Amino acid sequence: MSRTTSLLAAVALLMGAACVGLAGGDEPLAEMSVEPVDGTVEILRDGAVTRATEATDIRPGDVIETGKGEARLRLDGNRQLWMGTFTKVLVETGSRVEDRSGSVLVDAAEPTTVTVGAAEAVTSNGVFRVDRRTATARAASYRGSASITAPGEARVELDELFQVSIAAGDLAAPRPYQLAADDVWDARWLEEVVALEEDIERLAAGFSNQLDRARPSLAYFRDLARRPVGFMRPYLKRPPADLFIAYTLADRAPGRFAPTFERAMSLRADRGSWGVIASIIDVPSKPFVSALESLFLEIVRPEKRPGRQVFAAAPGGGASQAPSSTAPGPSAPPPDDAPPPDDDDKKKKPREEPPPKECEDVIDCVAEELPVPDILDL
0 MSRTTSLLAA
10 VALLMGAACV
20 GLAGGDEPLA
30 EMSVEPVDGT
40 VEILRDGAVT
50 RATEATDIRP
60 GDVIETGKGE
70 ARLRLDGNRQ
80 LWMGTFTKVL
90 VETGSRVEDR
100 SGSVLVDAAE
110 PTTVTVGAAE
120 AVTSNGVFRV
130 DRRTATARAA
140 SYRGSASITA
150 PGEARVELDE
160 LFQVSIAAGD
170 LAAPRPYQLA
180 ADDVWDARWL
190 EEVVALEEDI
200 ERLAAGFSNQ
210 LDRARPSLAY
220 FRDLARRPVG
230 FMRPYLKRPP
240 ADLFIAYTLA
250 DRAPGRFAPT
260 FERAMSLRAD
270 RGSWGVIASI
280 IDVPSKPFVS
290 ALESLFLEIV
300 RPEKRPGRQV
310 FAAAPGGGAS
320 QAPSSTAPGP
330 SAPPPDDAPP
340 PDDDDKKKKP
350 REEPPPKECE
360 DVIDCVAEEL
370 PVPDILDL
C-alpha cells in the first residue's frame with residue numbers, strides 16, 4: 000500500500016468516527032464516567048455485567064446500578080449526577096438519564112433531563128432530585144428551578160424548595176419540599192435549611208409547653224404590630240406558635256406584611272415545615288431566629304417587656320377549651336376551615352381568680368400570678 004493510500008484510509012476512518020459522534024449528538028464519550036462513593040456499583044453493557052471499583056468510563060445504553068452505597072456519574076459537559084442506594088439508571092445520552100428505580104440527584108449548569116416513566120424533569124442550571132418508588136415518584140428542586148412534563152399534563156414549573164408528586168403520569172400541584180431527618184442529601188445540600196428547621200422547632204416546642212392552652216386574640220397582635228391586623232382573624236385558631244412564627248417572618252421579610260403572613264400560613268397549611276417556609280420567603284436565618292426567640296421570651300416572661308399587654312398561660316394551667324393533647328402541634332397545622340375565634344372587641348365577663356398554689360417552674364409561677372388579661376380568647 001502506498002503512502003498516499005494509507006493517508007487516505009486514515010482520513011476516511013477519522014471522518015467515519017466524526018460522523019458517528021455527530022449522529023449521537025454527544026460530546027466524546029471519554030468525558031462520561033461512574034465512580035463509586037461507597038458500596039458497590041455495577042455496569043450492565045451488551046448483556047455483560049462489570050463491577051466498578053474506581054472511576055470507569057460509561058456510554059449511552061449502559062445501565063448503572065448501586066447496592067448499599069452511593070455513586071457519582073459524570074455526564075457530558077458540566078453535568079454531575081449522584082445515585083442513591085439501590086438505584087438503577089439508564090444512560091440514554093450524555094445529557095439524559097432514565098431513573099428506573101431509587102433516587103437520583105442532578106447538579107448541572109447545562110440542560111439535563113431525568114425521565115421517570117413518561118414524565119420528564121429538566122433543569123438548565125440547578126440542583127434537583129428525583130425519587131422513584133414502585134408506583135409513585137417525586138421531583139424536587141434544591142437550587143434553581145426545574146420543569147416537569149408528562150403526556151396530557153400541563154407543564155409544572157418547580158421553584159426552589161418545592162416538590163411535585165408523579166403518579167401514573169399525573170402531576171400533582173407543587174408543594175413545599177418535605178425534609179427527612181435521615182436523608183443524607185438533605186443534610187449535605189440543604190444544611191442551612193435543616194439547621195434553621197431544628198432551631199425553629201426547638202423554640203416552638205418550648206414556647207408551646209409554656210403556653211399550655213392559652214392563645215392570643217386579634218387585639219394582642221394589633222398591640223404587638225402597631226398596624227391593622229384584621230387579615231389575621233381567619234388564622235387565630237391555628238397553634239399560637241405558628242401564628243408567632245408567621246408573624247415574625249412577615250415582620251422580617253422584605254415584602255409587604257399582610258401578603259407575606261398569609262403566604263406563610265398557606266404554605267404551612269400545605270404541610271410545609273417552618274425551616275423550608277422561611278427559606279422560601281428568603282428571610283435571613285440568624286436575625287429571624289434571634290427575633291423569634293426574643294418574642295417568645297417576652298411572651299412567656301412578660302416582665303421583660305413592661306408597658307405592653309401581657310400574654311401568658313392561664314391560671315391553673317389551662318382554660319375552657321379543647322385539651323391541648325387533641326390540638327395540632329407545631330408540626331401539624333390545623334385545617335384552614337377552622338372557625339374563627341370570638342371578636343376580641345366583645346366584652347368578656349370578669350373571671351374569678353383561683354386560690355394561689357405552689358409551682359416549680361419560675362416562668363410558670365410568673366404566668367400564674369398574673370391576672371388573665373382581656374386579650375386572651377379562651
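With numbering that gives the first Met the number 0 applied, the sequence shown covers 0 to 377. Each residue gets a CB set at the ideal place from its N, CA and C atoms; glycine is no exception. Please read all numbers here as calculations on a predicted model, not as lab measurements.
Helix, strand or coil: how does DSSP classify Tyr141 here?
Counted from its first residue, the sequence shown places residue 141 at position 142. Three-state result, Tyr141: strand.
Note down the Cα distance separating Ala179 from Glu190, rounded to an integer number of angstroms.
Translated into the one-based positions of the sequence shown, residue 179 becomes position 180. Translated into the one-based positions of the sequence shown, residue 190 becomes position 191. Distance between the alpha carbons of Ala179 and Glu190: 12 angstroms.
If you compare alpha carbons, which of Gly125, Val121 and Gly205 is closest to Ser293?
Locating residue 293 in the sequence shown gives position 294, counting from the first residue. Out of Gly125, Val121 and Gly205, Gly205 has the C-alpha closest to the C-alpha of Ser293.
Straight-line CA distance for Gly143 to Asp198?
Stepping through the sequence shown from its first residue, residue 143 is reached at position 144. Stepping through the sequence shown from its first residue, residue 198 is reached at position 199. Going from the Cα of Gly143 to the Cα of Asp198 covers about 25 angstroms.
Please give the ranges of any alpha helix (DSSP H) in the region 126 to 192, keeping only runs that are unbroken, at least 4 residues long and fully inside the region.
Taking only runs of at least 4 residues, the alpha helix (DSSP H) segments lying wholly in the region 126 to 192 are 183 to 188.
For Gly316, does the three-state DSSP call read helix, strand or coil?
Within the sequence shown, residue 316 is the residue found at index 317, counting from 1. Caution is warranted here: a pLDDT of 38 is assigned to Gly316, below 50, making its placement in the model unreliable, and no coordinate value can be reported.
Between Val129 and Val115, which are expected to be in contact by the criterion C-beta below 8 angstroms, what is the C-beta distance as a whole number of angstroms?
Along the sequence shown, one-based indexing puts residue 129 at 130. Along the sequence shown, one-based indexing puts residue 115 at 116. With 8 angstroms as the limit, Val129 and Val115 qualify as a contact, their Cβ atoms being about 6 angstroms apart.
With a cut-off of 8 angstroms, do at least 3 Cβ pairs link the region 257 to 267 to the region 218 to 225?
Flag = no, the region 257 to 267 and the region 218 to 225 do not touch.
Phe230: buried (16+ other C-beta within 10 angstroms of its C-beta) or exposed?
Position 231 of the sequence shown, counted from the first residue, corresponds to residue 230. Phe230 is exposed by the Cβ-count criterion.
Can you list the beta strand (DSSP E) stretches of 3 or more residues lying completely in the region 70 to 125, in chain order?
Counting whole runs of 3 or more residues, the region 70 to 125 contains the beta strand (DSSP E) stretches 70 to 73, 78 to 82, 87 to 92, 95 to 107, 111 to 115 and 118 to 122.
What residue from Ala277, Arg99 and Asp106 has the CA that sits closest to Ala134's CA?
On the sequence shown, residue 134 is found 135 positions in, with the first residue counted as 1. Cα-wise, what sits closest to Ala134 is Arg99.
Quick one: is Ser123 buried, meaning 16 or more other Cβ sit within 10 Å of its Cβ, or exposed?
Counted from its first residue, the sequence shown places residue 123 at position 124. Classification of Ser123: exposed, given that the 10 Å Cβ count is below 16.
Of the choices Ala138, Trp184 and Ala149, whose alpha-carbon is the least far from that of Pro175?
Residue 175 sits at position 176 when you count from the first residue of the sequence shown. That would be Ala138, whose Cα lies nearest to the Cα of Pro175.
For Arg270, count the other beta carbons within 10 Å of its own beta carbon; 16 or more makes it buried, fewer makes it exposed. Which is it?
The residue given as residue 270 occupies position 271 in the sequence shown. Exposed, because fewer than 16 other Cβ atoms sit within 10 Å of the Cβ of Arg270.
What three-state label does DSSP hand Pro227 in the structure shown?
Within the sequence shown, numbered from 1, the residue matching residue 227 stands at position 228. Pro227 falls in the coil class under three-state DSSP.
Kindly indicate the opening and closing residues of the beta strand (DSSP E) around Ser32.
By 1-based counting over the sequence shown, the position of residue 32 is 33. Here the beta strand (DSSP E) through Ser32 covers Ser32 to Pro35.
Contact defined as beta carbons within less than 8 angstroms: I believe Pro150 pairs with Gly168. What is the distance between those atoms, to the nearest angstrom?
As a position in the sequence shown, residue 150 is number 151, starting the count at 1. As a position in the sequence shown, residue 168 is number 169, starting the count at 1. With a Cβ gap of about 6 angstroms, Pro150 and Gly168 count as contacting.
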